[in-house]
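A.B. asks:
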Amino acid sequence: MPKFFVGGNFKCNGTRESIASLVSTFNGAPAFPPSVDVVVSPTALHIGYVQDNLRKDMSVCAQNISTDAGFGAMTGELTAEVFTGFGVNWTLTGHSERRRRLQQRKRGHDENSDGVSEKTQLALKAGMSVVVCIGEVLSDRESGKTLDVCFEQLAAVKDKLLLEDWSRIVIAYEPVWAIGTGVSASPQQAQEVHAAIRKWLMTEVSADVAEQTRIIYGGSVKPATAPALIECVDIDGFLVGGCSLTADFIEIIKAIPADFDEQRRAHLKADANSIQSIGADGKLAKM
Ligand code: PEP
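Here our numbering runs 7 ahead of the position in the sequence shown, where the first position is 1.
#1: What does a CB cutoff of less than 6 Å around Met294 pick up in its chain, not counting 5 residues either side in sequence?
#2: Buried or exposed: which applies to Cys19, given that a residue is buried once 16 or more other Cβ atoms fall within 10 Å of its Cβ?
#3: Which ranges does the alpha helix (DSSP H) cover as unbroken runs of at least 4 residues, wholly within the segment 141 to 215, from first to last along the chain?
#4: For Arg105, name the three-state secondary structure that DSSP assigns.
#5: Could you check how far apart the C-beta atoms of Pro49 and Gly21 are, in whole angstroms? I think they sit under 8 Å.
#6: Would you call the segment 210 to 220 and the segment 136 to 152 in contact, with 3 or more CB pairs under 8 Å?
#7: By Cβ distance below 6 Å, which residues in the same chain neighbour Ile257 in space, the five residues on each side in sequence not counted?
#8: In terms of DSSP beta bridges, what is Phe12 paired with?
#9: I believe Val57 touches Val30 by the beta-carbon criterion, under 8 Å. Please report the beta-carbon distance rounded to the nearest angstrom.
#10: Which residues does DSSP pair with Thr98 in a beta bridge?
#11: How big is the Cα-Cα spacing for Gly249 and Thr32?
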């Protein structure tokens, strides 16, 4: 049974001082349960400091990599190989703030599903593991297109992966309307989509991949909302933005039961039909 996965996305935040203070806060946290993997994503400039100073039961993750590969005449780029050369073995791809910047802010990257899948493939090729972010905007949800959007984003990635690559993929379901808004998806809303994604993996990839792939939830996760989300049988972790910049990140990790694996196993046994019964019919909870 894979461990619960908690990622902290610092986004474009932090001074030398604030990152040093955050690292010191994290280092002072009680030991994490053995049932959890923790990674943090500082800006590329802060990665070196965090790697050198953060305690070793947390790994460092890039927020983005280049669509170029290797080393060479690529001014301003940070390729997967540059990161792995520094021992950074995780990256996010497809975060909504990169997918949608052009539409929302009239500048930036406007990454589409093809670009995201290309970056995912490059990261894997360089030996990294990848947190692939997917999710719908509010108008998609309101028009009943949540699963269409998620599956389109996933299918583009799947088309570039070999079966064995899936062991280095974590899927982050992050409804865009819940990111940075303070409004988390309800446990029911999140669980429905997670179950549908698992069912999609089962049909489109394999039963084994569906069982082993962590599907994590992101969107305004807070210490107060984490426990009910952890209870959901298809939620295998969190991607945390705002709260990863404070001691709340530790509070969220503390909410994960030390025997998470056993509890999840028992839950799955009791609820053997959950994957089959929920989701892919497109009937999702109303807002
Ligand atoms: C994120 O940046 O991926 C995120 C989920 O942010 P927040 O927790 O602030 O909504």
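Think of the CB as a built atom: it goes at the ideal place given N, C-alpha and C, for glycine as much as any other residue.
Note that this is a predicted model, so its numbers are computed, not measured.
C.D. replies: So, to answer that:
#1: Model confidence at Met294 stands at a pLDDT of 46, short of 50, so the residue's coordinates are unreliable; what they give is reported in the following sentence. Once the five neighbours on either side are set aside, Met294 has no close Cβ partner at all.
#2: It counts as exposed.
#3: Correct list: 145 to 149, 153 to 165, 194 to 211.
#4: The answer is helix: DSSP assigns Arg105 an H, G or I state.
#5: Indeed they touch by this definition, with Cβ atoms about 6 Å apart.
#6: Counting Cβ pairs under 8 Å, fewer than three are found: no touch.
#7: Closer than 6 Å at the Cβ level, and outside the excluded window around Ile257, lie Ala36.
#8: Phe12 is bridged to Asp44, Gly244.
#9: At roughly 6 Å, the Cβ-Cβ gap stays under 8 Å, so Val57 and Val30 are in contact.
#10: DSSP lists Ala69, Val137 as partners of Thr98.
#11: Those two C-alpha atoms are separated by around 15 Å.
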